[in-house]
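Residue numbers (this note's numbering), protein chains in the order written: chain W, 56 to 433; chain D, 56 to 433.
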């Protein structure tokens with residue numbers, strides 16, 4: 056089948072771009088002397104993981120327990136659920152460890168550490184935990200300078216059978232609109248916070264094997280991985296307008312787009328409507344903070360993904376309608392009713408989640424494969 | 056199972072509220088002398104449709120062909136795909152008509168009408184079409200005052216075997232932040248545009264049976280349905296913060312919420328994090344235009360949906376993290392790690408789409424049923 060014949064909207068993955076993005080990050084991590092743990096939260100696809108996982112390492116990161124179960128079902132053992140797990144999730148984690156013995160998860164508090172230690176002892180389950188540090192992203196994690204709390208938590212995790220995996224952090228602030236130099240500085244903060252935490256633990260006599268950090272911007276622009284055992288990153292695989300706009304990748308690296316069909320013309324209002332709206336593209340407006348790099352709800356290209364229409368964007372969405380409007384003359388003749396376009400999204404993680412799989416291309420019109428993905432939480 | 060024991064995040068439907076919302080709209084349409092065609096784009100659930108569909112009418116509206124196929128599979132025959140269908144979708148529509156003979160769809164142009172007439176004649180399929188009018192929503196539809204275009208399109212649809220269902224419109228502008236009086240005026244515009252179009256067609260000798268209009272705000276506040284044969288509305292079933300804020304419903308009518316779990320405390324930053332982030336709540340920020348009625352990414356309530364925490368909102372989302380922050384003291388003690396909350400969303404249509412089903416309650420902690428829903432496009 057060709058892209059022109061597929062039902063729309065649909066998510067399209069360019070396999071060549073995906074593969075190049077994956078190979079570049081694997082090579083970069085190796086060159087920096089650390090291991091890459093690809094965060095599969097964006098694509099959530101076993102076929103994509105085959106390209107993303109470094110065979111010398113083998114681990115993946117997940118953002119939900121549903122994803123972790125999916126990876127266990129696909130034979131992965133070293134699965135890091137890179138989110139603080141509340142105590143009620145421990146039975147599900149213990150159950151999953153029967154299939155993925157190295158499943159690990161995050162926590163960031165004394166309360167959580169107590170619950171984990173109690174559960175592990177009561178059930179005899181060797182729960183594997185990372186202590187999350189906050190290096191400035193202000194999301195979750197022990198404050199970077201609060202080594203007292205860090206030590207208190209680590210000591211609570213000491214009783215057998217808990218396995219203390221190490222320390223982890225994620226510099227969410229690297230997603231800001233920074234010059235490359237500033238991203239490199241954020242990467243250095245990310246690195247030094249978590250490496251410093253590991254050092255503090257070791258000085259206190261607590262064995263700390265794992266030191267995990269990363270995000271697509273910091274893994275791309277960081278100058279050192281000293282003291283780290285692994286980098287976690289994810290969105291680089293798919294790429295998106297936001298990552299291209301902040302300098303993580305180029306526009307030509309974007310591997311994920313939405314195939315859509317022109318459903319209406321309005322010459323009086325100089326607008327063209329496609330069948331990809333708020334659900335198909337997501338309501339993510341992350342590029343709205345980027346001034347002249349604001350791409351509305353997505354950049355419109357031709358069916359091959361070529362930027363044939365300049366900066367033409369989806370500027371308005373309804374549930375199943377995406378509207379292109381421009382001060383320039385609209386390409387009514389190039390895009391008649393029924394014409395196919397590809398729309399590059401602001402934020403690949405949000406957009407990909409609307410689909411249960413991908414149409415895979417090698418850059419041409421032919422659909423060369425179809426890959427599934429997992430979604431949801433249950 | 057109780058809400059406290061379900062995996063989170065999960066979508067919760069309060070059956071009593073849903074039923075009351077459905078009964079109110081059915082009664083209102085009957086009192087106004089028109090028929091209700093519930094737009095199932097929000098809940099996409101056969102169980103919900105049993106409450107929403109007026110047994111005296113029986114029809115539903117759908118926003119995707121996937122939904123239309125779902126309704127056909129659940130025995131519905133009068134299914135209106137209330138979106139302009141591009142010519143490439145006609146084979147799929149014709150195929151579906153074998154299972155739902157009264158499936159109909161929208162178009163708004165001479166080009167589409169020609170394609171429909173050609174396909175119907177070539178394939179011998181009695182395609183059923185509505186001409187969409189634009190009554191000010193500026194989305195799709197023939198301009199309200201362009202009766203010449205309207206007549207030209209209708210005449211193209213004349214050749215047998217096409218079935219001309221009638222005219223339809225949707226006042227998307229009713230979703231603005233208006234006083235009730237202004238919504239009533241929008242409803243009158245919506246009504247008069249489509250009723251006037253029907254009259255113009257009839258005066259030109261074109262039989263026009265169906266006259267379809269509606270949205271939740273206009274169906275709620277419209278003063279007349281004269282000349283209409285049906286109202287379409289959808290989001291009223293679930294309700295959401297946006298509809299409550301613009302006066303379509305009260306806060307106590309909201310039937311859809313997201314069950315989430317507290318996963319982290321940060322007392323130094325006065326923030327609590329739950330496991331419902333941008334994917335679980337959607338990135339919809341429609342209430343951001345409503346000044347003091349801006350609810351961030353959702354209003355946080357207790358596990359029973361009671362507004363126990365004042366105006367506490369999710370103010371920041373990451374993919375799987377939702378962060379509550381406030382100038383007020385945070386309810387750390389009432390919401391320990393592992394505590395369950397319910398989060399009411401800005402826009403029910405966007406939020407519900409992240410889930411493959413609903414946990415159904417009767418207002419208590421017990422999960423009394425589980426309902427499926429359809430998603431996607433293929």
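Using N, Cα and C, we set each Cβ at its ideal position, and we do this for glycine too.
Secondary structure of residue 290 of chain W, DSSP reduced to three states: Translated into the one-based positions of the first chain, residue 290 of chain W becomes position 235. Residue state, collapsed to three classes: coil.
Take residue 211 of chain D as the anchor and find which of D/405, D/261, D/64, D/253 has the nearest alpha-carbon. For the purposes of this step, residue 211 of chain D is identified with residue 156 of the second chain, where counting begins at 1. Nearest of D/405, D/261, D/64, D/253 to residue 211 of chain D, Cα basis: D/261.
Burial state of residue 317 of chain D (16 or more Cβ within 10 Å): To locate residue 317 of chain D, count along the second chain from 1; it is residue 262. Buried, since its Cβ has 16 or more Cβ neighbours within 10 Å.
Could you name the residues of the same chain whose beta carbon sits closer than 8 Å to that of residue 165 of chain D, not counting the 5 residues immediately before and after it, in chain order? Here residue 165 of chain D refers to the residue found at position 110 of the second chain. Here the set comprises 204, 207, 208, 211.
Kindly indicate if chain D contains any beta-carbon less than 9 Å away from that of residue 190 of chain W. Here residue 190 of chain W refers to the residue found at position 135 of the first chain. No, residue 190 of chain W lies away from the interface with chain D (no Cβ there is under 9 Å from its Cβ).
Near-chain D residues of the segment 80-97 of chain W - C-beta to any C-beta below 7 Å: 96
Under 7 Å by beta carbon: chain W residues contacting residue 324 of chain D: As a working note, residue 324 of chain D is residue 269 in the second chain. Here the neighbours are 193.
Measure the beta-carbon distance from residue 401 of chain W to residue 353 of chain W and round it to whole angstroms, keeping in mind my assumption that it falls under 8 Å. Position 346 of the first chain, counting from 1, holds the residue named residue 401 of chain W. Position 298 of the first chain, counting from 1, holds the residue named residue 353 of chain W. About 7 Å; that satisfies the 8 Å criterion.
Listed from N- to C-terminal order along the chain, which residues in the segment 159-171 of chain D have their beta-carbon within a distance smaller than 8 Å of any beta-carbon of chain W? Going along the segment 159-171 of chain D in chain order, one finds 163, 164, 166, 167, 170 with a Cβ nearer than 8 Å to chain W.
For a contact meaning CB atoms closer than 9 Å, what does residue 354 of chain W contact in chain D? What you label residue 354 of chain W is simply residue 299 of the first chain in a count that begins at 1. Residues of chain D passing the Cβ test: none, with the nearest at roughly 18 Å.
Mind pulling the beta strand (DSSP E) runs of 3 or more residues that sit fully within the segment 103-161 of chain W? 115-117, 134-139
CB-CB length for residue 315 of chain D against residue 422 of chain D, believed under 8 Å: By 1-based counting over the second chain, the position of residue 315 of chain D is 260. By 1-based counting over the second chain, the position of residue 422 of chain D is 367. Not confirmed; about 15 Å, so no contact.
So, does the segment 117-126 of chain W touch the segment 146-161 of chain W, judging by three or more C-beta pairs under 8 Å? yes
Using 8 Å for Cβ pairs, my map puts residue 281 of chain W next to residue 246 of chain W. What's the rounded Cβ distance? Along the first chain, read from residue 1 onward, the residue named residue 281 of chain W stands at position 226. Along the first chain, read from residue 1 onward, the residue named residue 246 of chain W stands at position 191. The Cβ separation is near 7 Å, so the contact holds.
For residue 202 of chain D and chain W, any beta-carbon pair shorter than 9 Å? Stepping through the second chain from its first residue, residue 202 of chain D is reached at position 147. Chain W, which has no Cβ nearer than 9 Å to the Cβ of residue 202 of chain D, makes this no.
From residue 415 of chain D to residue 129 of chain D, what distance separates their C-alpha atoms? Position 360 of the second chain, counted from the first residue, corresponds to residue 415 of chain D. Position 74 of the second chain, counted from the first residue, corresponds to residue 129 of chain D. Roughly 20 Å separates the two Cα atoms.
Beta-carbon spacing of residue 380 of chain W, residue 326 of chain W below 9 Å: Counting from 1 along the first chain, the entry for residue 380 of chain W is found at position 325. Counting from 1 along the first chain, the entry for residue 326 of chain W is found at position 271. Yes; because the gap between Cβ atoms is below 9 Å, this pair is in contact.
Proximity test, Cβ basis, 9 Å: residue 522 of chain D and chain W: Residue numbering for chain D in the displayed model covers 56 to 433; residue 522 of chain D lies beyond these limits and cannot be assessed.
Can the beta-carbon of residue 135 of chain W be found closer than 9 Å to that of residue 114 of chain W? Numbered from its first residue, the first chain carries residue 135 of chain W at position 80. Numbered from its first residue, the first chain carries residue 114 of chain W at position 59. Contact: yes.
If I follow the unbroken beta strand (DSSP E) through residue 164 of chain D, where does it start and stop? The sequence position of residue 164 of chain D within the second chain is 109, counting from 1. Where residue 164 of chain D is concerned, there is no enclosing beta strand (DSSP E), given that its DSSP letter is neither H nor E.
Identify the continuous beta strand (DSSP E) that holds residue 416 of chain D and give its terminal residues. The residue given as residue 416 of chain D occupies position 361 in the second chain. 412-416 is the extent of the beta strand (DSSP E) around residue 416 of chain D.
Work out the CA separation of residue 154 of chain W and residue 221 of chain D for me, nearest whole Å. The residue you call residue 221 of chain D lines up with position 166 of the second chain. The residue you call residue 154 of chain W lines up with position 99 of the first chain. Taking the straight line joining both Cα atoms gives about 58 Å.
Residue 127 of chain D and residue 426 of chain D closer than 9 Å at C-beta: Within the second chain, numbered from 1, the residue matching residue 127 of chain D stands at position 72. Within the second chain, numbered from 1, the residue matching residue 426 of chain D stands at position 371. Result no, Cβ atoms of residue 127 of chain D and residue 426 of chain D do not sit closer than 9 Å.
Name the residue from D/424, D/431, D/201, D/348 whose alpha carbon lies nearest to the alpha carbon of residue 56 of chain D. Position 1 of the second chain holds residue 56 of chain D. With distances taken between Cα atoms, residue 56 of chain D lies closest to D/424.
Note down, in chain order, each residue of its chain lying with its Cβ closer than 7 Å to the Cβ of residue 429 of chain W, except the 5 sequence neighbours on either side. Reading the first chain from its first residue, position 374 is the one you call residue 429 of chain W. Taken in chain order, the residues that qualify are 99, 121, 122, 125.
For residue 217 of chain D versus residue 184 of chain D, is the C-beta spacing smaller than 9 Å? The count along the second chain starts at 1 and reaches residue 217 of chain D at position 162. The count along the second chain starts at 1 and reaches residue 184 of chain D at position 129. Their beta carbons are under 9 Å apart, which means residue 217 of chain D touches residue 184 of chain D by this criterion.
Of all Cβ atoms in chain W, is any one closer than 9 Å to the Cβ of residue 128 of chain D? In the second chain, counting from the first residue as 1, residue 128 of chain D sits at position 73. No, no contact with chain W.
Unbroken stretches of the beta strand (DSSP E), 3 residues or longer, contained in the segment 321-379 of chain D: 326-329, 354-356, 369-372
Based on the DSSP output, what are the partners of residue 91 of chain W in its beta bridges? Position 36 of the first chain, counting from 1, holds the residue named residue 91 of chain W. Paired residues: W/286.
For residue 371 of chain D, is the classification buried or exposed, using 16 other Cβ atoms within 10 angstroms of its Cβ as the cut-off for buried? Counted from its first residue, the second chain places residue 371 of chain D at position 316. Buried, by the Cβ-count rule.
Between the alpha carbons of residue 75 of chain W and residue 392 of chain D, how many angstroms are there, rounded? Position 20 of the first chain, counted from the first residue, corresponds to residue 75 of chain W. Position 337 of the second chain, counted from the first residue, corresponds to residue 392 of chain D. Looking at the two C-alpha atoms, the distance is approximately 41 Å.
Straight-line Cα distance separating residue 167 of chain W from residue 263 of chain W: Taking the first residue of the first chain as 1, we reach residue 263 of chain W at position 208. Taking the first residue of the first chain as 1, we reach residue 167 of chain W at position 112. In a straight line, the C-alpha of residue 263 of chain W is about 19 Å away from that of residue 167 of chain W.
Where the segment 205-216 of chain D meets chain W: residues whose CB sits under 7 Å from a CB there: So the list is empty, because no residue satisfies the distance condition.
Would you mind stating whether residue 199 of chain W and residue 265 of chain W have Cβ atoms separated by less than 9 Å? Locating residue 199 of chain W in the first chain gives position 144, where the first residue counts as 1. Locating residue 265 of chain W in the first chain gives position 210, where the first residue counts as 1. Contact flag unset, no.
Along the segment 353-382 of chain W, what residues have a CB closer than 9 Å to any CB found in chain D? 371, 373, 374, 375, 376, 378
So, with DSSP's three-state summary, where would you put residue 318 of chain W? As a position in the first chain, residue 318 of chain W is number 263, starting the count at 1. Residue 318 of chain W: strand per DSSP, three-state reduction.
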